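In this note's numbering, the protein residues as written are 15 to 127.
Set out below in structure tokens:
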């Protein structure tokens, strides 16, 4: 299980999977429950895919546990995305948009290390 400190008062606990998985977002104390509309691992494509509600001009952050996989590339259907590696196994997607929209995102991975 991951025990990732989100801030000084709140934690998010997730069951460990043997593939990359969503941890949380920066949008709400509920850490993605309101803004993350869909997130799933697509094993046939080695991809973590999702749909998020993004607010214009406000960086939207998604924390991901890579669980031994290495990120190959990140795609969004609109806006701009960058990846920030927080440590060896935790990465943060940062999505920026010029409008309030649902953003479809995909993190494509290399085979497991």
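Where is the CB? At the ideal position from N, CA and C, for every residue including glycine. No experiment lies behind these values; they were computed from the predicted model shown.
- At a Cβ-Cβ threshold of 8 Å, residue 77 and residue 109 do not count as neighbours.
- In summary, residue 87 is exposed, with fewer than 16 beta-carbon neighbours lying within 10 Å of its beta-carbon over all protein chains present.
- The DSSP-derived three-state label of residue 61 is strand.
- Of the residues assessed, residue 95 falls on the buried side of the cut-off, its CB having 16 or more other CB atoms within 10 angstroms.
- For the 8 Å CB-CB criterion, residue 35 and residue 81 form a contact.
- Selection 85, 90 and 112 evaluated against residue 101 yields 85 as nearest (Cα-Cα).
- In the structure shown, residue 66 falls within a strand segment according to DSSP collapsed to helix, strand and coil.
- Cβ neighbours of residue 52 within its own chain (closer than 7 Å, five residues either side excluded): 64 and 65.
- Sixteen is the threshold: since fewer than 16 other Cβ atoms of the shown chains lie within 10 Å of the Cβ of residue 57, the residue is exposed.
- In the structure shown, residue 48 adopts coil according to DSSP, grouped into three states.
- Between residue 75 and residue 48, the C-beta gap is not smaller than 8 Å, which leaves the two residues out of contact.
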